[in-house]
Amino acid sequence: MLENYSTLQFIVRGKIFKGFCMRIQDDFHETYAVILDGYHSFCIWLDNKSEKWHASKNVAIDPDAIDEIISRISLPAAVS
C-alpha cells in the first residue's frame, strides 16, 4: 500500500506523465485519487473481494499508464 500522498513521474510509450496520487477515505476499498498534468482527475481502487484494481469508468488515459500507476500504488513498503 502506498502512503497517503505520492508524486508521480514516469514515461509510457515515450510520453511523460507527471502528477500525484493521494489516498482518499473509502470504507469499502483501498482508493486513490490520481491527478496528472493535462488529464482530468480520476480514481483507482482495489476491490478487496476480487483483489483486482479498477479505474474510473471514463478515464481518458492510455491503459499502460494506468497499469504503471497501479504498479506504483501496489508496491509493498520497503523493508528496512
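Okay, so the sequence shown: first residue is 13 according to our numbering, each after it adds one. Positions of the beta carbon are idealized from the N, C-alpha and C atoms, including for glycine.
Helix, strand or coil for residue i, going by three-state DSSP, please let me know.
| i | result |
| --- | --- |
| A89 | No answer about A89 holds up, because its pLDDT of 47 lies below 50 and its placement is not dependable. |
| S62 | coil |
| R84 | helix |
| D38 | coil |
Taking the beta strand (DSSP E) that residue i belongs to, which residues open and close that run?
| i | result |
| --- | --- |
| S68 | It is not in any beta strand (DSSP E) - S68 carries neither H nor E in the DSSP assignment. |
| Q21 | 17-24 |
Find the nearest neighbour of residue i within the set the options, judged by alpha-carbon distance.
| i | options | result |
| --- | --- | --- |
| S86 | E63, I28, Q21 | E63 |
| M34 | N60, F54, H66, D74 | F54 |
For residue i, which beta-bridge partners are listed by DSSP?
| i | result |
| --- | --- |
| I99 | An answer regarding residue 99 cannot be provided, because it is not within the stretch 13 to 92 covered by the chain. |
| I78 | According to DSSP, I78 bridges with nothing at all. |
| G50 | Paired residues: none, contrary to the question. |
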